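For the sequence shown, the residue numbers in this note's numbering are 183 to 937. One structure is given here, and the rest of the page talks about it.
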Amino acid sequence: MFSNEHMNYLITYSFDFRNEELLSYYISFLRAISGKLNKNTISLLVKTRNEEVVSFPLYVEAIRFAFHEENMVRTAVRTVTLNVYHVGDEFVNRYITSTPRTEHFSNLVSFFRNQCMDLYRLVSETLKNPGSDSTSAITAVVDEIEDNLYYFSDVISAGIPDVGRLITDSILMLLMFPLLLPSLRIVDTNDMQSGVVTSLYLLCCILRIVKIKDLANTIVAALFYPSETFTKFSRGQVNGYASDCGFTSVSQKPDDNSAECKAEYLTVDVPNSSSSSGLYPESVMSENNCSRSNLALREVLLAYVTKGDDVQVLGSLSVLATLLQTKELDESMLDKLGILPQRKQHKNQLLQALVGEASGEEQLFSSENSSMRDSIGCELNTYLEKIKELYGLSYLCSDLVTSPRVPRFQVLDALVSLFCRSNISAETLWVGGWLLRQLLPYSEAEFNSHHLELLQVSYKNSATALVKEVRGFWPDLLITVLCNEWKNCKRAMESSYPPKEPKCVLFPTQILSSEEDTPEGSSFAAGERMHELAKVFVVLHQIQIFTLGRPLPEKPLIYPPGDLPANSRAQTSGLDLSGPKPGTEVNLVNAVPCRIAFERGKERHFSFLAISVGTSGWLVLAEELPLKKPFGLVRVAAPLAGCNPKIDDKHPRWLHLRIRPSSLPVLDPAKFNTHGKSKTKAFVDGRWTLAFREEESCKSALCMIVEEINFLHDEVHRRLKPLLNLETSLDLSGLADEVSSSNTTSSNTTPRNSV
183 MFSNEHMNYL
193 ITYSFDFRNE
203 ELLSYYISFL
213 RAISGKLNKN
223 TISLLVKTRN
233 EEVVSFPLYV
243 EAIRFAFHEE
253 NMVRTAVRTV
263 TLNVYHVGDE
273 FVNRYITSTP
283 RTEHFSNLVS
293 FFRNQCMDLY
303 RLVSETLKNP
313 GSDSTSAITA
323 VVDEIEDNLY
333 YFSDVISAGI
343 PDVGRLITDS
353 ILMLLMFPLL
363 LPSLRIVDTN
373 DMQSGVVTSL
383 YLLCCILRIV
393 KIKDLANTIV
403 AALFYPSETF
413 TKFSRGQVNG
423 YASDCGFTSV
433 SQKPDDNSAE
443 CKAEYLTVDV
453 PNSSSSSGLY
463 PESVMSENNC
473 SRSNLALREV
483 LLAYVTKGDD
493 VQVLGSLSVL
503 ATLLQTKELD
513 ESMLDKLGIL
523 PQRKQHKNQL
533 LQALVGEASG
543 EEQLFSSENS
553 SMRDSIGCEL
563 NTYLEKIKEL
573 YGLSYLCSDL
583 VTSPRVPRFQ
593 VLDALVSLFC
603 RSNISAETLW
613 VGGWLLRQLL
623 PYSEAEFNSH
633 HLELLQVSYK
643 NSATALVKEV
653 RGFWPDLLIT
663 VLCNEWKNCK
673 RAMESSYPPK
683 EPKCVLFPTQ
693 ILSSEEDTPE
703 GSSFAAGERM
713 HELAKVFVVL
723 HQIQIFTLGR
733 PLPEKPLIYP
743 PGDLPANSRA
753 QTSGLDLSGP
763 KPGTEVNLVN
773 AVPCRIAFER
783 GKERHFSFLA
793 ISVGTSGWLV
803 LAEELPLKKP
813 FGLVRVAAPL
823 AGCNPKIDDK
833 HPRWLHLRIR
843 PSSLPVLDPA
853 KFNTHGKSKT
863 KAFVDGRWTL
873 AFREEESCKS
883 ALCMIVEEIN
893 FLHDEVHRRL
903 KPLLNLETSL
913 DLSGLADEVS
923 SSNTTSSNTT
933 PRNSV
């Protein structure tokens, strides 16, 4: 069937593709043929002259539809091209990488760039008008963008010579230099946040998915350029989402002119942004002694960490984490960025000491390693020269001769500054904690006294905020939340991957870190705030342990439950730790008779009881058993914490109670989506109004509630004392570790921290 040009005749026939059904059959036909290709059959579908392929209709006709508006058509074309690329025929590969077929690869990047522009617009619109529809639209575009990048990765994995270079040049010239890197610059206007956040996400995606060594190292080298260097690649505002080179919509095929844009034809009107130098960390500004426009992009990332908003911080941390995990990057480049893990630094120094490049101990423990500095400068200079030769960008600053420890100190300063900020979400702090653990996995040596002081102050502020939650809406769940988040945070810190994916920067969540942020009277919002404060406290506490070089305990140091007083209401009523359940028999000796109407016009008589058992508490309505006084059966029970009891101003025999949910949906992952937002509607607090026979009974019920709430608060605070007291917590942690080590040693097993 493949011989005698039969297939090529059908492939090149002039069909009327205005018939969508015919186009579908045709594309399926091309895909079916490509599935049969191998080194033997592919020769039947090409024409050769002087041992060179001069015609390959299957490939040429397929890529005509590479940018069709229908996603299914584009997907089928990708399958055809990948099947062709992976045959590995030398002559076909030369045909694919010769003019004019090479334009296909630049057109692919142009099409991808158009999708990136769509994402810029969507993110910008979402920031102005957030909603579920915009979130789903962003998710759809993100999926398409990542699919495109994985397609690039599959094309590169075919191993065709020059394809990696073609894709690298196209990404740098059409996307990285004119759009992504210029968008990272800091500007004074507030409407550019979407451009920065989107660029940070796209930068992470490209580094994470497209595995090209030259591309990764060139991007890192570009981070040492001042941000203004790349503005000549752009037209108009670089931080916004204005198009360059005539951007088209995703459904349109990029024209050849847009794919061949050259840097010399592109200009930009740069706004004056010399003010507000206080946006940058002092160490960065003093080290470079240059204006904002001359600040290197690497330092811009650190400036976002120290002074940016939550999504900018998360985006910058995601870029640093992605660079740290990019295997295509040379270690010397990571060291120059200041993010080479300490264990790899020591490994390199040990290897150099072993081969005798310097005197043993001096080489191994010297903070100023001359041979490593020379290696770093050489590797970075190689890519800086390559950028100058291939793309016409000159490196003007001369800070490459600085100590190799300076970039590392800058990163460490930025991370410590991050942990001292109160307007950053806990999940973002977790990413910062993960990055810190990667850089300094087992030593506190690089923390100076100022760092430790700042971290302790931040920890104490967090502990103070957490103590306030003991008397808040959710003290009965506070210890449970702390234990859960301790385990989650420890797992996140010790993981090989960051706690959050880069795409999370596109779906920012509201931070409820103070009472001012909480809607009045909403226990649900108060619970989210408590959960957020607990997560912040946990990560700051674990960082305190980490700075001392100690291993993290499996559980937080919390006192065990105490014994119930003999004359407590819980003991008298006969309830245990499981709490009152409907139908449970209780002793009503301390109960107060009352009336309540759960339906209009239908009052019911109950005996009211407030009970606390350890860190739990309940409001109980029970029906008295006439034949077994003073016992009764529990009919309704509600949480004691957060009930906010109040006697009515006009009716002194009425007692108003707030009834909050018994649990937080944030503790149930099934009720939350991947972006941390509730799948269900927010809870609405209930209200009880209890009517008593006389004012004294009403006051007695109020006093009973207040007394039991105080018992609950005191028990929660007692159990949290060792955790809230940093010195006590660290001492007990060390003692627990010694006991654990002693026990494991006595059982003839390897100690936990032994080499």
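Glycine is no exception: its CB is placed at the ideal position from the N, C-alpha and C atoms. This structure is a prediction, so every number in the text was calculated from the model and none was measured.
Presumed contact (8 Å Cβ cut-off) between glutamate 635 and valine 720, rounded CB distance: Position 453 of the sequence shown, counting from 1, holds the residue named residue 635. Position 538 of the sequence shown, counting from 1, holds the residue named residue 720. Going by Cβ atoms, the distance from glutamate 635 to valine 720 rounds to 21 Å, so no, they are not a contact pair.
Beta-carbon spacing of lysine 672, leucine 600 below 8 Å: Your numbering for residue 672 matches position 490 in the sequence shown. Your numbering for residue 600 matches position 418 in the sequence shown. Against a cut-off of 8 Å, the Cβ pair of leucine 600 and lysine 672 comes out as no contact.
Length of the line joining the Cα atoms of glutamate 736 and valine 613: Numbered from 1 along the sequence shown, position 554 holds the residue referred to as residue 736. Numbered from 1 along the sequence shown, position 431 holds the residue referred to as residue 613. Near 20 Å, if we compare the C-alpha coordinates of valine 613 and glutamate 736.
Leucine 519 beta carbon near the ligand SAM (any heavy atom closer than 7 Å): No copy of the ligand SAM occurs in the structure displayed, which carries no ligand at all.
Secondary structure of asparagine 190, DSSP reduced to three states: Within the sequence shown, the letter at position 8 stands for residue 190. The answer is helix: DSSP assigns asparagine 190 an H, G or I state.
Glutamate 285 to isoleucine 245 span [Cα, whole Å]: The residue labelled residue 285 in the question sits at position 103 within the sequence shown. The residue labelled residue 245 in the question sits at position 63 within the sequence shown. Pairing glutamate 285 with isoleucine 245, the inter-Cα distance amounts to about 11 Å.
Pairwise C-alpha distance: proline 239 and tyrosine 195: Translated into the one-based positions of the sequence shown, residue 195 becomes position 13. Translated into the one-based positions of the sequence shown, residue 239 becomes position 57. The alpha-carbon atoms of tyrosine 195 and proline 239 are separated by roughly 10 Å.
Among Ser704, Leu770, Thr754, Arg587, nearest to lysine 811 - alpha-carbon criterion: Along the sequence shown, one-based indexing puts residue 811 at 629. It is Leu770 whose Cα lies nearest to the Cα of lysine 811.
Proximity below 8 Å, CB of valine 501 to CB of cysteine 387: The residue given as residue 501 occupies position 319 in the sequence shown. The residue given as residue 387 occupies position 205 in the sequence shown. In this structure, cysteine 387 does not lie closer than 8 Å to valine 501 by Cβ.
Own chain partners of glutamate 683 with C-beta closer than 6 Å, once the 5 adjacent residues on each side are dropped: Along the sequence shown, one-based indexing puts residue 683 at 501. Taken in chain order, the list of residues that qualify is empty.
DSSP-derived helix/strand/coil call for serine 206: One-based indexing of the sequence shown puts residue 206 at position 24. Note: serine 206 maps to helix in three-state DSSP.
Threonine 610 burial status per 10 Å Cβ neighbour count (16 or more: buried): As a first step, residue 610 must be located in the sequence shown, where it is residue number 428. It is buried - the Cβ of threonine 610 has at least 16 other Cβ atoms within 10 Å.
Exposure label - glutamate 446; buried when at least 16 CB within 10 Å: Residue numbering aside, residue 446 sits at position 264 when the sequence shown is read from its first letter. At glutamate 446, the pLDDT of 35 sits below 50, so the modelled position is not reliable and the matter cannot be decided from this model.
8 Å contact criterion, which serine 365 and valine 378 should meet: CB distance rounded: Taking the first residue of the sequence shown as 1, we reach residue 365 at position 183. Taking the first residue of the sequence shown as 1, we reach residue 378 at position 196. About 6 Å separates the two Cβ atoms, so the contact holds.
CB contact check: aspartate 758 to chain B, cutoff 8 Å: In the structure shown, chain B cannot be found, because there is only a single protein chain.
The segment 735-753 touching the segment 786-802, judged by at least three CB pairs closer than 8 Å: yes
Inter-residue CB distance, alanine 823 and leucine 872 (contact presumed, cutoff 8 Å): On the sequence shown, residue 823 is found 641 positions in, with the first residue counted as 1. On the sequence shown, residue 872 is found 690 positions in, with the first residue counted as 1. That belief does not hold up - the Cβ atoms of alanine 823 and leucine 872 are roughly 18 Å apart, past 8 Å.
Pairwise C-alpha distance: lysine 218 and histidine 188: Position 6 of the sequence shown holds residue 188. Position 36 of the sequence shown holds residue 218. So the alpha carbons of these two residues sit roughly 15 Å apart.
Assigned exposure category for proline 343 - 16 Cβ within 10 Å defines buried: To locate residue 343, count along the sequence shown from 1; it is residue 161. Under this definition proline 343 is an exposed residue.
Unbroken beta strand (DSSP E) run spanning lysine 229, endpoints: As a first step, residue 229 must be located in the sequence shown, where it is residue number 47. Its beta strand (DSSP E) spans residues 229-231.
Cα-Cα separation, serine 760 to serine 339: In the sequence shown, counting from the first residue as 1, residue 760 sits at position 578. In the sequence shown, counting from the first residue as 1, residue 339 sits at position 157. Spanning the two alpha carbons is a distance of roughly 59 Å.
Coarse secondary structure for glycine 313, derived from DSSP in three states: What you label residue 313 is simply residue 131 of the sequence shown in a count that begins at 1. Here glycine 313 sits in coil by DSSP.
DSSP-derived helix/strand/coil call for isoleucine 725: Numbered from its first residue, the sequence shown carries residue 725 at position 543. Here isoleucine 725 sits in helix by DSSP.
Pick from Ala404, Asn630, Gln524, Ser640 that is closest to glutamate 944, judged by C-alpha positions: Residue 944 cannot be examined here, being either before or after the span of the chain that is shown, 183 to 937.
The segment 349-368 touching the segment 304-313, judged by at least three CB pairs closer than 8 Å: Two segments are said to touch when three or more pairs of C-beta atoms, one from each, lie closer than 8 Å; by this definition the segment 349-368 does not touch the segment 304-313.
Nearest-angstrom Cα separation, counted from asparagine 605 out to aspartate 491: Position 309 of the sequence shown holds residue 491. Position 423 of the sequence shown holds residue 605. So the two alpha carbons sit approximately 8 Å from each other.
Beta-carbon gap between leucine 594 and glutamine 524 smaller than 8 Å: On the sequence shown, residue 594 is found 412 positions in, with the first residue counted as 1. On the sequence shown, residue 524 is found 342 positions in, with the first residue counted as 1. Cβ atoms of leucine 594 and glutamine 524: not closer than 8 Å.
DSSP state of threonine 284 mapped onto helix, strand, coil: Walking along the sequence shown from the start, residue 284 turns up at place 102. The answer is coil: DSSP assigns threonine 284 none of H, G, I, E or B.
Buried or exposed by the 16-neighbour rule on C-beta atoms within 10 Å, applied to glutamine 708: Position 526 of the sequence shown, counted from the start, is the residue given in the question as residue 708. The sequence given here places alanine at residue 708; glutamine does not occur at that position. Flag for alanine 708 reads buried.
Pick from Val774, Leu815, Val802, Arg869 that is closest to alanine 883, judged by C-alpha positions: Within the sequence shown, numbered from 1, the residue matching residue 883 stands at position 701. If we check each option's Cα against that of alanine 883, Val774 comes out closest.
Minimum C-alpha distance to leucine 304 - residue among Val291, Ala319, Leu290: By one-based count along the sequence shown, residue 304 stands at place 122. Answer by Cα proximity: Ala319.
Simplified DSSP state of glycine 614, which is helix, strand or coil: Within the sequence shown, residue 614 is the residue found at index 432, counting from 1. Correct three-state label for glycine 614: helix.
The segment 891-907 in contact with the segment 639-649 per 3-pair CB rule at 8 Å: yes
Inter-residue Cα distance where the pair is cysteine 298 and asparagine 330: For the purposes of this step, residue 298 is identified with residue 116 of the sequence shown, where counting begins at 1. For the purposes of this step, residue 330 is identified with residue 148 of the sequence shown, where counting begins at 1. Taking the straight line joining both Cα atoms gives about 11 Å.
Valine 771 - partner residues in DSSP beta bridges: Within the sequence shown, residue 771 is the residue found at index 589, counting from 1. According to DSSP, which records beta bridges pairwise, valine 771 is partnered with nothing at all.
Alpha-carbon to alpha-carbon, serine 789 and leucine 807: Start at 1 with the first residue of the sequence shown, and residue 807 comes out as number 625. Start at 1 with the first residue of the sequence shown, and residue 789 comes out as number 607. For leucine 807 and serine 789, the distance between alpha carbons rounds to 11 Å.
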